[in-house]
Amino acid sequence: MRTDEDLAVALLRATATHENRTEEQLRSWAATALAFGDELPLEDPDVRVVEEANGVARDVVTLAEYDARTHTVTVHTDSLALLADVAARKGWTDVTPDALRRAAVAHEVVHHRLHGGLARDLRHRLDHVVCRVGPLRVRGHVVGADEVVAHRYAHRASGLRRSPLHLSAALAELGG
């Protein structure tokens, strides 16, 4: 079975900006992002949660969305049902709709938290230097690292035994 780090590397590798990165670089970023997600303090999400369908489109499945203006997470019930079905077909009986919902909300809240100071801290930890002028270094954004952080945090916050990275990979298998 692939580890979360393996799945995080695959997620980063699938990002267009990383197609020429070395395995070593991707693995380093994946490990750093996973550790960052482990270190975030678990907090009760101070958001309003609403439910609606329409999360499943032809080629995109959206579990939840965060609206920063209203501090609302919209959880897409049809997407949660699809993911629960995929998990059941895999024999992952510990994946319950309630745990999936908690994971989806936590994932979205962490994306919101990853603005400002936390984003700067993550960028510093990833240490992706895009420009050097003498002793000055400009660190760039590592596309996809925030997804890895959010997946890891959601795993911890949800109580799922199976990580959201594994669930995402199982869902991606549906698309071929």
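Letter by letter, the sequence shown follows residues 38 to 213 of my numbering. Using N, Cα and C, we set each Cβ at its ideal position, and we do this for glycine too.
Proximal residues to residue i (C-beta, below 7 Å), its chain only, five neighbours per side dropped
i: Pro134; result: Leu117 and Ala121
i: Leu211; result: Val123
i: Ala105; result: His149
Under the three-state DSSP convention, the category residue i falls into
i: Asp41; result: helix
i: Glu56; result: coil
i: Val84; result: coil
i: Arg198; result: coil
i: Leu77; result: coil
i: Leu211; result: helix
i: His178; result: coil
i: Leu151; result: coil
Identity of the residues DSSP links to residue i by a beta bridge
i: Glu102; result: Thr111
i: Val93; result: Val98
i: Leu173; result: Val170
Cα-Cα separation between residue i and residue j, rounded to whole angstroms
i: Ala70; j: Val186; result: 5 Å
i: Asp164; j: Arg176; result: 6 Å
i: Arg39; j: Arg199; result: 12 Å
i: Ala125; j: Val132; result: 8 Å
i: Arg63; j: His188; result: Just to set this straight, residue 63 is Leu in the shown sequence, not Arg. Those two C-alpha atoms are separated by around 17 Å.
i: Asp8; j: Val179; result: The shown model of the chain, from 38 to 213, leaves out residue 8, and the question about it has no answer.
i: Val112; j: Glu42; result: 27 Å
i: Glu89; j: His144; result: 17 Å
i: Arg8; j: Ala51; result: In the structure as shown, the chain begins at 38 and stops at 213. Residue 8 is therefore absent and cannot be evaluated.
Contact set for residue i: own chain, Cβ-Cβ below 6 Å, skip 5 residues either direction
i: His55; result: Leu49
i: Gly196; result: Ala136
i: Glu80; result: none
Beta-carbon proximity list for residue i, same chain, < 8 Å, skipping 5 on both sides
i: His148; result: Tyr103, Asp183 and Ala187
i: Thr109; result: Val84, Arg85, Val86, Val87 and Tyr103
Taking three-plus beta-carbon pairs below 8 Å as touching, is the region 65–79 in contact with the region 94–101? no
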